[in-house]
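Visitor: Supplied in structure tokens, the structure appears directly below.
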Amino acid sequence: MCDGKVGRSNCRAKQRYTLSVIRTQRRTGPLPNQPVDFPELEHQRSELYGDLSRVGDFRRGAINAVRRKCGKANCACADPAHPGHGPQYNFTRWVAGKTVNVHLKPGPELDKVQREVASYDRFRELVTQVCEVNEAICEARPVGEAAGDEAPAPGGGEKGGSSASSRQRSRRR
């Protein structure tokens, strides 16, 4: 899809355009007189798989900046126009069905978690794109053709059971 002559940003724009065409086709059906380019779609899918392998470390969750009032009457934060102390940064996520908050210190710790959360967002975006391209390939592929599938096992894959029956013995009492 993208060759060495085209810049990476143009390549991304081309991918987004292709995905928007795929979304439109899915809603309205295939466009008339438009041939499906399987090699192009498969190349796009392999590029997305490559992008997925380069995502790096990621984690689910959100980072929130919180300002708080301390409650002391003579503190500057007691003024209604004052935004409060902070910001304090909290990393919020779900663990075993419960919300867990972790306080982050500004600096390298906060920067690291911000990168990891951004990587997770990128990961989700790429997975969505891979799904859309795969759906386009599946919808456009003829019924009799199956790419990448292995041949079925001989014998139709029926249950065979054990070859010899085991003899049941009664327990001694």
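Quick note on the working numbering: the sequence shown kicks off at 114 and runs consecutively.
Glycine included, each C-beta is placed from N, C-alpha and C at the ideal position.
1) Taking GLY184 as the reference, give the member of ASN177, ALA178 and ASP192 with the closest Cα.
2) Helix, strand or coil for HIS156 per DSSP?
3) Helix, strand or coil: which one does DSSP assign to ALA249?
4) Name the residue from PRO196, TRP207 and ASN203 whose alpha carbon lies nearest to the alpha carbon of PRO219.
5) Give, in chain order, every unbroken run of the alpha helix (DSSP H) that is at least 4 residues long and sits entirely within the segment 199-258.
6) For HIS198, I'd like the list of residues in its chain whose CB is within less than 8 Å of its CB, leaving aside the five on either flank, ordered along the chain.
7) Considering just the uninterrupted stretch of the beta strand (DSSP E) at ASN177, what are its terminal residues?
8) So, is GLY142 buried or exposed, given that buried needs 16 or more other C-beta atoms within 10 angstroms?
9) Between VAL230, GLY210, GLU238 and PRO200, which lies nearest to PHE171 when the distance is taken from Cα to Cα?
10) Please report the straight-line C-alpha distance between GLU222 and GLU153, rounded to a whole angstrom.
11) Pick from ARG158, PHE151, ASP150 and LEU165: whose alpha carbon is nearest that of ARG237?
12) Is the distance from the Cβ of ASN177 to the Cβ of THR205 below 9 Å?
13) On a CA-only basis, which of ALA249, GLN242 and GLU248 is nearest LEU161? Give me that one, please.
14) Looking at ARG173 and the ligand ZN, is the gap between the Cβ and the nearest heavy atom below 8 Å?
Guide: Based on what the coordinates show:
1) ASP192
2) Assignment of HIS156 by DSSP, reduced to helix, strand and coil, places it in the helix class.
3) For ALA249, the three-state secondary structure derived from DSSP is helix.
4) ASN203
5) 221-253
6) Same-chain partners within the cutoff: ARG180, ARG181, LYS182, CYS183 and CYS190.
7) From DSSP, the beta strand (DSSP E) with ASN177 extends over 175-181.
8) Confidence in GLY142 is poor, its pLDDT being 49 and thus under 50, which makes the residue's placement too unreliable to answer from.
9) VAL230
10) Straight-line measurement puts the Cα of GLU153 at about 42 Å from the Cα of GLU222.
11) When only C-alpha atoms are compared, the closest one is LEU165.
12) yes
13) Ranking the options by Cα distance to LEU161, first place goes to GLN242.
14) The ligand ZN is not part of the structure shown, which contains no ligands of any sort.
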